[in-house]
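Numbering (the working numbering), first residue to last: 1 to 320.
Quick reminder that beta carbons are idealized off the backbone N, C-alpha and C, glycines included.
All values reported here derive from a predicted model rather than from experimental measurement.
First up is the structure itself, then whatever we jot down about it.
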Ligand code: UDP
Ligand code: MG
């Protein structure tokens with residue numbers, strides 16, 4: 001098997017049908033063998049039913065991993081990697097925002113350039129709102145400062161890489177997965193090509209601003225312990241400041257002997273320091289929660305069933 005194409009799907013009932021046609025067209029003349037691995041990530045619509053229809057057509061090698069519930073795109077990608085057999089592995093969304101034809105260019109590039117292990121796409125220009133673009137740019141600045149890794153602004157999960165890189169990613173079986181970080185962490189030589197994301201074929205994006213914000217925080221925490229160190233620095237800085245203030249108060253008392261009651265100062269200081277302490281505790285708590293979840297060793301995903309071209313199942317689900 002030369003190429004595995006991993007396609008995470010969550011409520012993409014219409015898109016999977018269009019995607020299937022697009023892949024078939026794009027790959028109609030290729031001389032190598034390929035498999036398409038669809039992961040149904042606990043969709044509540046007819047995604048699974050439509051995937052089974054596609055499978056039943058039997059015209060290309062299809063594998064369907066049906067999750068027991070929604071585990072998130074990161075888990076879906078992991079499941080796809082585990083099930084993939086190809087020498088090259090591609091990850092692409094099901095909503096046709098990413099052109100499947102680009103996969104052929106990526107494979108071609110890897111074939112011709114032995115020194116590269118991965119071809120990744122990045123968006124030069126985003127078609128999103130100004131405030132979202134601002135937050136995304138800020139995120140990349142922050143995460144690049146806080147970690148030793150190199151995060152390319154606008155880099156997407158839409159990429160193709162060699163088996164060796166796929167195996168390394170499978171070995172990183174951490175529970176809180178942040179693909180952008182994992183791709184950077186495992187290293188390998190990556191060639192970046194710009195691409196323009198198209199409009200979604202059907203349906204809506206699953207990302208709200210709140211979800212993106214949480215994802216950004218999780219990403220920073222997964223690859224940096226700097227926030228923990230930040231609490232120590234803020235603590236030390238406050239201690240040094242308080243020494244200066246102490247000197248100021250003593251001088252005030254000795255030279256001017258002003259018996260200031262200092263009510264306001266005390267209230268402000270108590271609130272300020274209390275706030276700082278709670279934030280520091282919160283940061284520690286966040287890391288602790290991640291350790292707690294990880295220590296339970298729960299699986300990253302649960303597959304209810306896997307339908308594979310390799311098993312030669314003859315599905316008669318076209319009419320249900
Ligand atoms: N997706 C998924 N599980 C989720 C959310 C999304 O498998 O919980 C899939 C979704 O079906 C799509 C891809 O991840 O194929 C990207 O999702 P989306 O288009 O919503 O993200 P965006 O393109 O807006 O970043
Ligand atoms: Mg999308």
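Q.
Just verifying my parser: in three-state terms, what is the DSSP assignment at residue 305?
A. Sequence index remark: in the chain shown, residue 305 carries index 305 (1-based). DSSP places residue 305 in strand when its eight states are reduced to three.
Margin query: Please report the distance separating the alpha-carbon of residue 202 from that of residue 231.
Written below: Taking the chain shown and counting its residues from 1, one reaches residue 202 at position 202. Taking the chain shown and counting its residues from 1, one reaches residue 231 at position 231. Each residue's Cα considered, the two are about 45 Å apart.
Practice problem: Return helix, strand or coil for residue 125, following the three-state DSSP convention. | Solution: Locating residue 125 in the chain shown gives position 125, counting from the first residue. Residue 125: coil per DSSP, three-state reduction.
Mapping the DSSP letters down to three states, classify residue 67 as helix, strand or coil. Translated into the one-based positions of the chain shown, residue 67 becomes position 67. Three-state result, residue 67: strand.
Flag this pair as yes or no: are the beta carbons of residue 4 and residue 86 separated by less than 8 Å?
Against the chain shown, residue 4 aligns to sequence position 4. Against the chain shown, residue 86 aligns to sequence position 86. Yes; because the gap between Cβ atoms is below 8 Å, this pair is in contact.
At the level of alpha carbons, what is the spacing between residue 6 and residue 37? For this step, residue 6 is matched to residue 6 along the chain shown. For this step, residue 37 is matched to residue 37 along the chain shown. Taking the straight line from one Cα to the other gives about 5 Å.
Report task. May I have the straight-line CA-CA distance separating residue 45 from residue 13, to the nearest angstrom? Result -> The residue given as residue 45 occupies position 45 in the chain shown. The residue given as residue 13 occupies position 13 in the chain shown. Cα-Cα distance, rounded: 6 Å.
| Any idea what DSSP makes of residue 190, helix, strand or coil? | Here residue 190 corresponds to residue number 190 of the chain shown, with the count starting at 1. Note: residue 190 maps to strand in three-state DSSP.
inquiry  = Taking 7 Å as the cut-off, is the beta-carbon of residue 179 closer than that to any non-hydrogen atom of the ligand MG?
reply    = Working through the chain shown from its first residue, we reach residue 179 at position 179. No, Cβ of residue 179 sits at least 7 Å from all heavy atoms of the ligand MG.
- Item | Local Cβ density within 10 Å of residue 172, reported as buried at 16 or more and exposed below that | For the purposes of this step, residue 172 is identified with residue 172 of the chain shown, where counting begins at 1. Residue 172 comes out exposed.
Report task. Could you tell me which residues DSSP pairs with residue 227 in its beta bridges? Result -> Locating residue 227 in the chain shown gives position 227, counting from the first residue. Answer is none; residue 227 lacks a bridge partner.
Which of the three DSSP states, helix, strand or coil, is assigned to residue 40? As a first step, residue 40 is located in the chain shown; it is residue number 40 there, counting from the start. Residue 40: strand per DSSP, three-state reduction.
Practice item. Specify, as a first and last residue, the run of the alpha helix (DSSP H) that residue 104 falls within. Key: Here residue 104 refers to the residue found at position 104 when the chain shown is read from its first residue. Its alpha helix (DSSP H) spans residues 101–112.
Given a cut-off of 8 Å, decide if residue 63 and residue 300 are closer than it, judged by their beta-carbon atoms. As a working mapping, residue 300 is identified with position 300 in the chain shown. As a working mapping, residue 63 is identified with position 63 in the chain shown. Contact flag unset, no.
TODO: May I ask you to check if the CB of residue 123 is nearer than 7 Å to at least one heavy atom of the ligand MG?
DONE: If you number the chain shown from 1, residue 123 lands on position 123. For residue 123, the Cβ stays outside the 7 Å cut-off from all heavy atoms of the ligand MG.
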